[in-house]
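First to last, the protein sequences are chains S and X.
Those letters in the first sequence? Residues 1 to 279, by this note's numbering.
Those letters in the second sequence? Residues 280 to 551, by this note's numbering.
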Amino acid sequence: MFTGSAVTPRETWVHTVGRATIEAVEVLGDLSLFSFRMLQWMVARLPQRAVILPCFYQIGVLSLPVVMVTGGFLGMVLAVQTFDQLVMMRLETRIGAVINISLVKELGPVLAATMLAGRVGSAMAAELGTMRVTEQIDALRALGADPIQYLVVPRFLACFLLIPLLTAVADGVGILGGWMFSTQILGVNSFHYWHNSDLFITGYDVVSGVFKSVFFGAAIALIACHRGFNCGAGAEGVGRAATEAFVFSFIMILVLDFFLGMFLNTLYYMLWPMPVTLG
Amino acid sequence: MQTASPLTADSQPIIELKSVTQRFGRNEVLRNISLQVRRGETLVLIGESGCGKSVTMKLMMALMEPTEGEVHWSGRPVKERNERQLVKERLRFGYLFQGAALFDSMSVYDNVAFGLRQNTDAAESEIRDIVLARLRDVGLPEVVCARKPAELSGGMKKRVGLARSLALRPEVIFYDEPTTGLDPIMSDVINELILQTHAGDAVTSVVVTHDMQTVRKVADRVVMLYPLDRLQPDEKQIVFEGTSQETFDAANARVAQFVAGLAGERMLELAR
Chain S
1 MFTGSAVTPR ETWVHTVGRA TIEAVEVLGD LSLFSFRMLQ WMVARLPQRA VILPCFYQIG
61 VLSLPVVMVT GGFLGMVLAV QTFDQLVMMR LETRIGAVIN ISLVKELGPV LAATMLAGRV
121 GSAMAAELGT MRVTEQIDAL RALGADPIQY LVVPRFLACF LLIPLLTAVA DGVGILGGWM
181 FSTQILGVNS FHYWHNSDLF ITGYDVVSGV FKSVFFGAAI ALIACHRGFN CGAGAEGVGR
241 AATEAFVFSF IMILVLDFFL GMFLNTLYYM LWPMPVTLG
Chain X
280 MQTASPLTAD SQPIIELKSV TQRFGRNEVL RNISLQVRRG ETLVLIGESG CGKSVTMKLM
340 MALMEPTEGE VHWSGRPVKE RNERQLVKER LRFGYLFQGA ALFDSMSVYD NVAFGLRQNT
400 DAAESEIRDI VLARLRDVGL PEVVCARKPA ELSGGMKKRV GLARSLALRP EVIFYDEPTT
460 GLDPIMSDVI NELILQTHAG DAVTSVVVTH DMQTVRKVAD RVVMLYPLDR LQPDEKQIVF
520 EGTSQETFDA ANARVAQFVA GLAGERMLEL AR
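#1: Measuring only the C-alpha atoms, how far is residue 108/S from residue 358/X?
#2: Could you tell me the boundaries of the alpha helix (DSSP H) in which residue 212/S lies?
#3: Quick one: list the residues of chain S neighbouring residue 331/X, beta-carbon separation under 8 Å, in chain order.
#4: Classify residue 328/X as buried or exposed, calling it buried when 16 or more other Cβ atoms lie within 10 Å of its own Cβ.
#5: Indicate the three-state DSSP secondary structure (helix, strand or coil) for residue 280/X in the structure shown.
#6: Which term fits residue 246/S, buried or exposed, when burial requires 16 or more other beta carbons within 10 angstroms of its beta carbon?
#7: Leaving out five residues before and five after residue 370/X in sequence, what residues of the same chain have Cβ atoms less than 8 Å from its Cβ?
#8: If we cut at 8 Å on Cβ distances, does residue 143/S have a partner in chain X?
#9: Please give the ranges of any alpha helix (DSSP H) in the stretch 116-196 of chain S, keeping only runs that are unbroken, at least 4 residues long and fully inside the region.
#10: Using CA coordinates, which residue listed in 522/X, 514/X, 532/X, 531/X is at the minimum distance from residue 311/X?
#11: Using a C-beta cutoff of 8 Å, does residue 134/S count as contacting chain X?
#12: Between residue 138/S and chain X, is there a C-beta pair that is closer than 8 Å?
#13: Is there contact here, the stretch 471-486 of chain X with the stretch 318-333 of chain X, by at least three beta-carbon pairs under 8 Å?
#14: In terms of residues, what are the limits of the alpha helix (DSSP H) holding residue 466/X?
#15: What residue from 204/S, 20/S, 51/S, 112/S has the CA that sits closest to residue 270/S's CA?
#16: Per DSSP, which residues does residue 536/X bridge with? Please list them.
#17: Could you give the distance in angstroms between the alpha-carbon of residue 132/S and the alpha-carbon of residue 343/X?
#18: How about residue 117/S and residue 166/S: do their beta carbons lie closer than 8 Å?
#19: How big is the Cα-Cα spacing for residue 77/S and residue 419/X?
#20: Would a check of beta-carbon distances place residue 370/X closer than 8 Å to chain S?
#21: Decide if the stretch 130-144 of chain S is in contact with the stretch 251-265 of chain S; the criterion is three or more beta carbon pairs, one per stretch, under 8 Å apart.
#22: With DSSP as the reference, label residue 521/X as helix, strand or coil.
#23: Assign residue 505/X to one of two classes, buried (16 or more other C-beta atoms within 10 Å of its C-beta) or exposed (fewer than that).
#24: Could you tell me the distance, in whole angstroms, from the CA atom of residue 92/S to the CA atom of residue 264/S?
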């Protein structure tokens, strides 16, 4: 007679990968539903001004110093790193173009968003996570408020609208920092600095950088709020939510940067096709 | 001192759980629970930590959805309501959370005024009158209005939480471990407030507690839940249902052990 074994099969890497995949799909599905509900509330009813303005102040005004410092040093670091290479090719007057195009197209938006994911995203996840573990989110629902409308919509709006502005500030301060270091310390001629910048940078480059930061802002807000809302128990759960908010936001910024970069390049060549050269 | 009101047999269920099961991942907390809350009564849920009392109460208020089974409000399934109806109808209920769950960033005044501002068109002067009246009801002076929750003692936080849940004049109030962490005198103050609230507006009350003094003082009906991990698969999770007096006189060993607060051999073995 066959006697079945009651021993649980040992867990293999297939189980581990399978479980991780299922969990990842579940989190993505949940994040999609969360985003959908947030958008529904944005259309249906915005929160009162008294709820929105403190978020704008926290996320926008209080982030200005960190964004300005990031932008300023970024411009100067770019000057330090590129100057020697350009001198070897006798192209040092082109340094303005190199710094400014790197700043406005790529480094400004990405690094400003990364700083804000750390400063704003982690703080939002920790704040909402604490509200979750202390039952304040349940209390909101018990008092007739929808937590997504009351807590997520203002934070989303603040990130969505203000992170592009903060990116523009970071770009501006970075451009000034790069110019100051290049002309005052490295001795590059100021006229050639700006002239070459003007030759190589188009309005499209500036707009495309700020355009990307709109998506970065939305991603930071949604990921941070979602992590906070799904925070585990206790201080450990809050800490993990804050860390995950930064890590997932950073990964999403890089992924979005890649795809938006490809999209914007394609769009550019559709709008302004390269002249065909024969021979 | 007031005493608990007698249970009226013809009371209609204002809330009903029908064969409700609740799981969190692989962890089953409630299994096939059926329970009614009748209008005007004070129902007290007792049981060991982790047996699902607070989850039961959150299910009653639709703060979470059951994994299986249905929750009915006034005879109609909660899931038949859309999100907006749910938000609106939830205002029939007040909830005093275990840690009071006051909003940290707001003053006491704004905490109590929150529900009024969110759900009514009342003028600020009217809101102020209501807030001060509710704070007076729970024995708090006007001077606490400007304080932040972090500046309050545990008992004051609970009283502000109660004032906040009373602000919208709910039909049912849920109390999640209202006396936990309070000294005996403050616990008695809270128990008196529960009785006073119940008598004053004839509200229905659902209380989750470990405190047998609260059971003795406020309960019309007592329901005891037992942790699933110590039940046989065919045993019901509600191991006792009766009046306050019947609880204290119960012959059921599990109830008697809980009432007497005795660890028992099995728990002591686990502790060792």
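Each residue gets a CB set at the ideal place from its N, CA and C atoms; glycine is no exception.
So, from the data block:
#1: The straight-line gap from Cα to Cα measures roughly 48 Å.
#2: For residue 212/S, the enclosing alpha helix (DSSP H) starts and ends at 203-229.
#3: Residues of chain S passing the Cβ test: none, with the nearest at roughly 16 Å.
#4: Per the 10 Å Cβ criterion, exposed.
#5: Reliability fails at residue 280/X, whose pLDDT of 41 lies under 50, so the model's placement of it is uncertain and no value is given.
#6: The residue in question, residue 246/S, is buried, as its Cβ has 16 or more Cβ neighbours within 10 Å.
#7: 394, 398, 447, 449.
#8: Closer than 8 Å: yes.
#9: Counting only runs of 4 or more, we get 122-133, 136-142, 153-180.
#10: Per the Cα distances, 514/X.
#11: It does: the Cβ of residue 134/S has a partner Cβ on chain X nearer than 8 Å.
#12: At a cut-off of 8 Å between C-beta atoms, residue 138/S counts as an interface residue with respect to chain X.
#13: In short, these stretches touch, since the Cβ pair count reaches three.
#14: For residue 466/X, the uninterrupted alpha helix (DSSP H) run begins and ends at 463-480, by DSSP.
#15: Comparing Cα-Cα distances from residue 270/S to each of 204/S, 20/S, 51/S, 112/S, the minimum goes to 204/S.
#16: Answer is none; residue 536/X lacks a bridge partner.
#17: Approximately 13 Å between the Cα atoms of the pair.
#18: Cβ distance not < 8 Å, so residue 117/S and residue 166/S don't count as in contact.
#19: When rounded, the distance between both Cα atoms is 59 Å.
#20: For residue 370/X, the answer is yes, since a Cβ of chain S falls inside 8 Å of its Cβ.
#21: The stretch 130-144 of chain S is not in contact with the stretch 251-265 of chain S.
#22: If DSSP states are grouped into helix, strand and coil, residue 521/X belongs with the strands.
#23: Counting Cβ neighbours within 10 Å, residue 505/X comes out buried, since at least 16 surround it.
#24: Their backbone Cα atoms lie some 29 Å apart in a straight line.
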